[in-house]
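Novice: There's a structure below that I have some questions on.
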Amino acid sequence: MKIAIHPLNEFTHHIEELVQALFAQWHDFAPWSSPEKIRAYYRQCLNHETLPRAFVAVDADSGRLLGSAALKRHDIAQLPQYEYWLGDVFVLPAWRGAGVGGVLVRHCLSEAKQLGIEELYLYTPDVQAVYERYGWREIETRRYNGETVSVMRLGLRQ
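End of the sequence shown = 1639 in the numbering used here, gap-free, step of one.
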């Protein structure tokens, strides 16, 4: 399978599938607690000139949705010192383990570098080891939206 990454604003026909998949997987987490909240978030991502900027991974041959990820600003409002974030990295269950997440993350890192971003942050409750393989380092642990999460950092300077 060949994975292609596209800006969400070029593949809006996948938004409803993303909404349903994210709600099914992450509905216990406040930002994803209703399909309406998720749709509103993705509407913000459609202006590709500003952040948040969302990307979708699709099968290059069939156009089938595989996953998504985004670049964001101030993802955790209580941490204003951390400006730019990788967020919402999601792979549909049928495609997990096929390298989709890695392709999405690498694409977002490339986009961030093109924007002149020198460091990115992310938070995760449970996949720290995955991100550590890409060079991310945990900088703190905190409670966020009812979960204990690791905040991680990656420097992007050339």
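Idealized CB from N, CA, C, for every residue including glycine.
What are the start and end residues of the beta strand (DSSP E) that includes R1624?
Specialist: Where R1624 is concerned, the enclosing beta strand (DSSP E) stretches over 1618 to 1625.
Novice: Threshold first: 3 residues or longer. Then list the beta strand (DSSP E) segments lying entirely within the stretch 1495 to 1581, N to C.
Specialist: If we require 3 residues or more, the beta strand (DSSP E) runs fully inside the stretch 1495 to 1581 come out as 1534 to 1540, 1546 to 1554, 1565 to 1572.
Novice: Here's the rule: buried if 16 or more other CB atoms are within 10 angstroms of the residue's CB, otherwise exposed. What is T1622?
Specialist: Burial call: exposed.
Novice: Going by Cα to Cα distance, which pick from P1516, R1624, K1483, K1553 is closest to I1496?
Specialist: Comparing Cα positions, the closest option is P1516.
Novice: Under DSSP, the beta strand (DSSP E) around E1600 begins and ends at which residues?
Specialist: E1600 -> beta strand (DSSP E) spans 1600 to 1605.
Novice: Determine the extent of the beta strand (DSSP E) in which V1630 is found, giving its start and end residues.
Specialist: Unbroken beta strand (DSSP E) run through V1630: 1628 to 1636.
Novice: Please say whether L1601 and A1593 have beta carbons closer to each other than 8 angstroms?
Specialist: Yes. Within cutoff.
Novice: Below 8 angstroms, how does it come out for the stretch 1572 to 1586 and the stretch 1548 to 1564: are there three or more Cβ pairs, yes or no?
Specialist: Because the criterion of three Cβ pairs below 8 angstroms is met, the stretch 1572 to 1586 and the stretch 1548 to 1564 touch.
Novice: Along the chain, where does the alpha helix (DSSP H) that runs through E1613 open and close?
Specialist: Taken as a continuous stretch (DSSP letters only), the alpha helix (DSSP H) holding E1613 covers 1609 to 1613.
Novice: Return the CA-CA distance between S1631 and D1556, expressed in angstroms with no decimal places.
Specialist: So the two alpha carbons sit approximately 13 angstroms from each other.
Novice: Please check the pair K1518 and L1532, which I expect to be a contact at CB under 8 angstroms, by giving their CB distance rounded to whole angstroms.
Specialist: Rounded, the Cβ-Cβ distance is 18 angstroms, inconsistent with contact.
Novice: In whole angstroms, what separates the C-alpha of E1619 from that of C1526?
Specialist: When rounded, the distance between both Cα atoms is 27 angstroms.
Novice: What's the gap between the Cα of W1643 and the Cα of F1571?
Specialist: As displayed, the chain neither begins before 1482 nor continues past 1639, which places residue 1643 out of reach and without an answer.
Novice: With a 10 Å radius around its C-beta and 16 neighbouring C-beta atoms as the bar for buried, classify V1500 as buried or exposed.
Specialist: Buried: at least 16 other Cβ atoms inside 10 Å.
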